[in-house]
Amino acid sequence: MQSSLRIFAFFAIFAILSTPLTLALILGRQGDMGPTSTVFVPLYIYPDPGAWDPLYNVIRDYPQISFTVIVNPDSGPGSGPLPDEQYCLEVPNLTAFSNVRVLGYVATTYADRDLQEVKSDIDVYANWPVEGDDDALAVHGIFFDETPQEYYDEAGDYFQQLTDYVRGLSGFAPHNMVVHNPGVLPDSRYPPLADMTVLFESTYDTFEERKDEVFQNFTGHDRAQVCCVIHSVPEDVTGEKLESLVKDARTLANEVFVTHLSEGYYADFGTQWAEFVNLMAS
4 MQSSLRIFAF FAIFAILSTP LTLALILGRQ GDMGPTSTVF VPLYIYPDPG AWDPLYNVIR
64 DYPQISFTVI VNPDSGPGSG PLPDEQYCLE VPNLTAFSNV RVLGYVATTY ADRDLQEVKS
124 DIDVYANWPV EGDDDALAVH GIFFDETPQE YYDEAGDYFQ QLTDYVRGLS GFAPHNMVVH
184 NPGVLPDSRY PPLADMTVLF ESTYDTFEER KDEVFQNFTG HDRAQVCCVI HSVPEDVTGE
244 KLESLVKDAR TLANEVFVTH LSEGYYADFG TQWAEFVNLM AS
């Protein structure tokens, strides 16, 4: 009888411990990395053979997460109708992945750059598939760098025109994505003009020092439209420290980039690139 009771008790305890709620209570917050986010990649790396392999490797290894990749042949699309041969070889390799969205880099110099020059850059990207006779050269929208923080009517009209222009071009269809990069919290009238805005682009130290302020400022914004870029992460920020950083960034933003590089942040892959992407997939 006692043996039967012991067996019954064992299975009763096992059943209780096996429930998801009990396991969650026992394991605590382990593995809880917050909401899913897209890996944001400013790919300002010339595509020499093998140079983009660290990106291709993680895209293949983590098909369950999305990547937004910014290509920047020459501080924009360059002076010709097509980028050079290496870009023409490698961009189709990126667009071939179903979990990758590719955007073309265009500088706006805080709305001081001539509007027609900006539109000309946009046209070049939009026409890549036609000029190269290759649909795989099609990018999915434009990343506008150096967008302003302060609002004034002329700048508001400037960016409204650019948004309308990008969204009206068949060369970017069906995505026609628009991203702004003020790098800081801009006037509230700018984010509605874009699909996504980089609300933080600064060092790890700045992020840690201003974390509470950053969280507070971001609360009024739709997380789905927020990107967070953190660079100059100290080399000893790995393991649990890096996990905590990535979790904080994912809580804030739908798109995240973290690098340990303290210079040329976007011209190479940082030492913890693979670990960062692994945490984004967790």
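Those letters in the sequence shown? Residues 4 to 285, by my numbering.
For glycine and all other residues, C-beta sits at the position ideal for the given N, C-alpha and C.
Shown here for Y108: same chain residues with a beta carbon closer than 7 angstroms to its own, the five before and five after excluded, namely I73, V74, N75, G79, F146, D148 in chain order.
The shortest CA-to-CA distance from V94 to any of I125, R63, Y59, T254 is the one to Y59.
The three-state reading of DSSP puts N220 in helix, counting H, G and I together. Listed as beta-bridge partners of A110 by DSSP are D148.
Per DSSP, the unbroken beta strand (DSSP E) holding T41 starts and ends at 41-46. DSSP places N60 within a helical segment (H, G or I) once states are collapsed to three.
Shortest Cα-Cα distance from Y269 to any of V169, V232, T112 involves V232. In the three-state DSSP reduction, I68 falls in the coil class, being neither helix nor strand. Of the other Cβ atoms in all chains shown, fewer than 16 fall within 10 Å of the Cβ of R63; this residue is therefore exposed. Between the stretch 48-55 and the stretch 147-165, the count of C-beta pairs closer than 8 angstroms stays below three; the two stretches do not touch. Beta-bridge partners of H143 (DSSP): none assigned. Per DSSP, T166 lies in no beta strand (DSSP E) segment; the continuous alpha helix (DSSP H) that holds it begins and ends at 156-170.
Excluding residues up to 5 positions away in sequence, H263, T274 lie with their Cβ nearer than 7 angstroms to the Cβ of E238 in the same chain. Here E88 is exposed: its Cβ has fewer than 16 other Cβ atoms, across all protein chains shown, within 10 Å. Spatial neighbours of R226 in its own chain (CB-CB distance under 6 angstroms, excluding positions within 5 residues in sequence) are listed in chain order as N257. Residue range 276-283 is occupied by the alpha helix (DSSP H) that includes M283. Bridge pairing for I73: P45, L106 [DSSP]. Here DSSP, grouped into helix, strand and coil, assigns E212 to helix. In this structure, N184 places its C-beta atom within 8 angstroms of the C-beta atom of T150. Put simply, the backbone Cα of A197 is about 10 angstroms away from that of V229. Y90 has its alpha-carbon roughly 10 angstroms from the corresponding atom of I48.
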